[in-house]
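Residue numbers (the UniProt record's numbering): 1 to 419. Ideal Cβ positions, reconstructed from N, Cα and C, are used throughout, including at glycine. Some notes on the structure that comes next.
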Amino acid sequence: MASSNRRVLVNGGGPAGAVTAFWLAKGGFEVVVTERSMSRPYGQGVDVTGRASDIIKKMGLEQRIRDSTTGEAGLTVVDDQGEDVAPPLGTAPIEGGTASVTQEIEIMRRDLTKIFVDAAEALPNVTFRYGCTVDEVQQHEKSITAVLSDTGKPEDFTAIIGADGLGSAIRKLTFDPEINRRSVSPTNTYVAFFSIPGDPKYDTPVGKLQHANKGRGILVRPIDKKGTQRSCYLMSQSDSQELAQVARTGSQEDQKALLDNRFREFTGPLGKRAVEGMHSADDFYFTRIVQIKLDSWHSGRAALVGDAGYSPSPLTGQGTTLAIIGAYVLAGEMAKSPDDLERAFTSYYAILNKFVSESQEIPFGGQAPKLILPQSDWGIWLLRTFYKIISWTGIWRLLNFGNETVKVELPEYDFGGLD
Numbered sequence: 001m002a003s004s005n006r007r008v009l010v011n012g013g014g015p016a017g018a019v020t021a022f023w024l025a026k027g028g029f030e031v032v033v034t035e036r037s038m039s040r041p042y043g044q045g046v047d048v049t050g051r052a053s054d055i056i057k058k059m060g061l062e063q064r065i066r067d068s069t070t071g072e073a074g075l076t077v078v079d080d081q082g083e084d085v086a087p088p089l090g091t092a093p094i095e096g097g098t099a100s101v102t103q104e105i106e107i108m109r110r111d112l113t114k115i116f117v118d119a120a121e122a123l124p125n126v127t128f129r130y131g132c133t134v135d136e137v138q139q140h141e142k143s144i145t146a147v148l149s150d151t152g153k154p155e156d157f158t159a160i161i162g163a164d165g166l167g168s169a170i171r172k173l174t175f176d177p178e179i180n181r182r183s184v185s186p187t188n189t190y191v192a193f194f195s196i197p198g199d200p201k202y203d204t205p206v207g208k209l210q211h212a213n214k215g216r217g218i219l220v221r222p223i224d225k226k227g228t229q230r231s232c233y234l235m236s237q238s239d240s241q242e243l244a245q246v247a248r249t250g251s252q253e254d255q256k257a258l259l260d261n262r263f264r265e266f267t268g269p270l271g272k273r274a275v276e277g278m279h280s281a282d283d284f285y286f287t288r289i290v291q292i293k294l295d296s297w298h299s300g301r302a303a304l305v306g307d308a309g310y311s312p313s314p315l316t317g318q319g320t321t322l323a324i325i326g327a328y329v330l331a332g333e334m335a336k337s338p339d340d341l342e343r344a345f346t347s348y349y350a351i352l353n354k355f356v357s358e359s360q361e362i363p364f365g366g367q368a369p370k371l372i373l374p375q376s377d378w379g380i381w382l383l384r385t386f387y388k389i390i391s392w393t394g395i396w397r398l399l400n401f402g403n404e405t406v407k408v409e410l411p412e413y414d415f416g417g418l419d
């Protein structure tokens, strides 16, 4: 076994974990990545904006990522018959001050994950262990021990990084239970996402959003430039205890039955298509939208990155951007102070805390979900009228739709361990 003083365990093989592994390896660490899933990752479309774009350039992955984007050309609101209310709101450059409802880099999470994983796995000091979970953690003065499910044996590391999302096992295993409990900040927004077959007679490169009262919305977006599939989102803004309970503890069958009841009455081409597609989808996922907020992103020799430590939620559009930036800074600070991880983790927090806090602010003073998913027919009429005005006048270009308006200065690191 390699010496534990340069060996790092990263739990989670998504974008946050893969980018962390890449930069840690570049910094000279031996990296083990554990990923509980044996199958390909799934998930929603994600955005890469601002300084995260600079980091993927440093990784040499910009062109491959751009070649894998969804090809989405904008967003339109449709009426009860599925017809456009007004012309679509298109894309605009990230740099230049104009808004963009579709980001310059809009990509499916599974595609982005594959690109990052391939880049990390290509490095000789990175090992991925699939179908593997972290079952136990024990902290020591100069190392940290983890029991991994694939061997059942304890292994020593200099640090463990939790890149394992909202329900982070590393956060639960290493942080105080009360701190962990208080870190979860739920909203009253729920979303199911899954893939459905494309419809060449109806679909275009533009995402389509249809509303119904009681805070319901269906969004259908491109998955890739081929058009054979679409990503579908069933969204609910509600204080329903039934929704909360089913999202938390319900089986997938229970979740689909509840959503079927809520969305089947949608008129036009989207409702029936979405509900039928949901029942046949093999990548269905339903969740309550939450944020993770902590006063520190580390506990001893365990640190958190991405959603595990500071999920901003999809309501901000900044989750993947924060994960990429966080992974780069965390790895950079560890490479800078490999023998003083307390200093590295403290600097990581100090550099990014303000940026993360501002990025977690939900648009329109936290009211974005209520505005986007109205409760009444009157509210839907107002939303569609507003959409018509900003579409026809071009005012939408002056608004912000999730662009990175919060800026952060990133340090330059000497990743000299592996060229």
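CA-to-CA distance, residue j to residue i, given in whole angstroms
i           : j       : result
residue 496 : Met-108 : Nothing about residue 496 can be reported from this structure: the residues present for the chain run from 1 to 419 only.
Ala-16      : Gly-309 : 11 angstroms
Leu-383     : Thr-76  : 12 angstroms
Ala-169     : Val-275 : 33 angstroms
Ala-25      : Leu-410 : 19 angstroms
Thr-98      : Asp-47  : Because the pLDDT of Thr-98 is 42, which lies under 50, any placement of that residue in the model is unreliable, and the number read from its coordinates should be weighed accordingly. The straight-line gap from Cα to Cα measures roughly 16 angstroms.
Met-278     : Lys-256 : 7 angstroms
Tyr-387     : Ala-368 : 14 angstroms
Thr-133     : Val-126 : 17 angstroms
Thr-71      : Leu-89  : Here the sequence assigns Gly to residue 71, which means Thr is not the residue at that position. Taking the straight line joining both Cα atoms gives about 14 angstroms.
Thr-20      : Tyr-349 : 15 angstroms
Arg-66      : Ile-105 : 7 angstroms
Phe-150     : Arg-171 : The displayed chain sequence assigns Asp, not Phe, to residue 150. Approximately 20 angstroms, taken between the alpha carbons.
Leu-219     : Pro-87  : 16 angstroms
Glu-95      : Ile-144 : With a pLDDT of only 41 at Glu-95, under the threshold of 50, the placement of this residue in the model should not be trusted; the figure read from the coordinates follows. Taking the straight line joining both Cα atoms gives about 43 angstroms.
Lys-214     : Leu-234 : 13 angstroms
Arg-230     : Arg-64  : 21 angstroms
Gly-227     : Leu-258 : 29 angstroms
Gln-318     : Glu-121 : 26 angstroms
Ile-395     : Gly-74  : 15 angstroms
Lys-370     : Pro-186 : 15 angstroms
Gly-114     : Thr-320 : Looking at the sequence shown, residue 114 is not Gly but Lys. Cα to Cα, Lys-114 sits roughly 14 angstroms from Thr-320.
Gly-271     : Glu-333 : 49 angstroms
Val-31      : Thr-316 : 31 angstroms
Phe-175     : Glu-412 : 30 angstroms
Ser-414     : Asp-254 : For the record, residue 414 in the displayed sequence is Asp; it is not Ser. Each residue's Cα considered, the two are about 51 angstroms apart.
For residue i, the three-state DSSP class (helix, strand or coil)
i       : result
Thr-204 : coil
Phe-386 : helix
Val-85  : coil
Phe-193 : strand
Asp-414 : coil
Ala-335 : helix
Arg-230 : strand
Glu-121 : helix
Gln-373 : Here residue 373 is Leu; the residue named in the question, Gln, does not match the sequence. Three-state result, Leu-373: coil.
Leu-112 : helix
Arg-36  : coil
Leu-9   : strand
Ile-218 : strand
Gln-210 : strand
Pro-177 : helix
Gly-96  : Per-residue confidence for Gly-96 stands at a pLDDT of 42, beneath the threshold of 50, marking its modelled position as unreliable; the derived number appears in the next sentence. In the structure shown, Gly-96 sits in coil (DSSP, three-state: anything other than H, G, I, E or B).
Ser-236 : strand
Phe-364 : coil
Arg-262 : helix
Val-356 : helix
Asp-254 : helix
Ile-223 : coil
Val-408 : coil
Gly-379 : helix
Counterpart residues of residue i in DSSP-defined beta bridges
i           : result
residue 423 : The structure shown does not extend to residue 423, since the chain is modelled only from 1 to 419, so the question has no answer here.
Lys-145     : At residue 145 the sequence reads Thr, which differs from the Lys that was named. Answer by DSSP bridge pairing, in chain order: Gln-138, Asp-156.
Gly-131     : Paired residues: none, contrary to the question.
Ile-161     : Val-10, Ala-303
Val-31      : Val-8, Val-126
Val-184     : Ile-292
Cβ of residue i within 8 angstroms of any chain D Cβ
i       : result
Val-137 : The structure shown contains no chain D, having only a single protein chain.
**Message:** Give the list of continuous alpha helix (DSSP H) stretches no shorter than 4 residues that lie fully inside the segment 267-321.
**Reply:** Qualifying alpha helix (DSSP H) stretches, in chain order: 268-280, 307-310.
**Message:** Taking contact to mean 3 or more Cβ pairs, one atom from each stretch, closer than 8 angstroms, check whether the segment 340-352 and the segment 369-376 are in contact.
**Reply:** Contact fails between the segment 340-352 and the segment 369-376, because fewer than three Cβ pairs, one in each stretch, are under 8 angstroms apart.
**Asked** Within the chosen definition, does the segment 281-288 reach the segment 190-198 through at least 3 CB pairs nearer than 8 angstroms?
**Response** Short answer: they touch.
**Request:** Pair every Cβ in the segment 229-248 with every Cβ in the segment 49-59, then say whether three or more of these pairs are closer than 8 angstroms.
**Result:** Contact between the segment 229-248 and the segment 49-59 is absent, because fewer than three Cβ pairs lie under 8 angstroms.
**Prompt:** Counting Cβ pairs, one atom from each stretch, are 3 or more of them under 8 angstroms apart for the segment 195-215 and the segment 168-184?
**Reply:** Contact fails: fewer than three Cβ-Cβ distances are below 8 angstroms.
**Request:** Specify whether the segment 294-312 and the segment 155-162 touch according to this definition: at least 3 beta carbon pairs, one from each stretch, less than 8 angstroms apart.
**Result:** Touching, yes.
**Asked** For the segment 49-80, which segments carrying the alpha helix (DSSP H) assignment without a break, of at least 4 residues, lie completely within its bounds, in sequence order?
**Response** With a minimum length of 4 residues, the continuous alpha helix (DSSP H) runs that stay inside the segment 49-80 are 51-58, 62-67.
**Request:** Take every Cβ of the segment 136-143, pair it with every Cβ of the segment 310-325, and state whether three or more of those distances are shorter than 8 angstroms.
**Result:** With the rule of 3 Cβ pairs closer than 8 angstroms, the segment 136-143 does not count as touching the segment 310-325.
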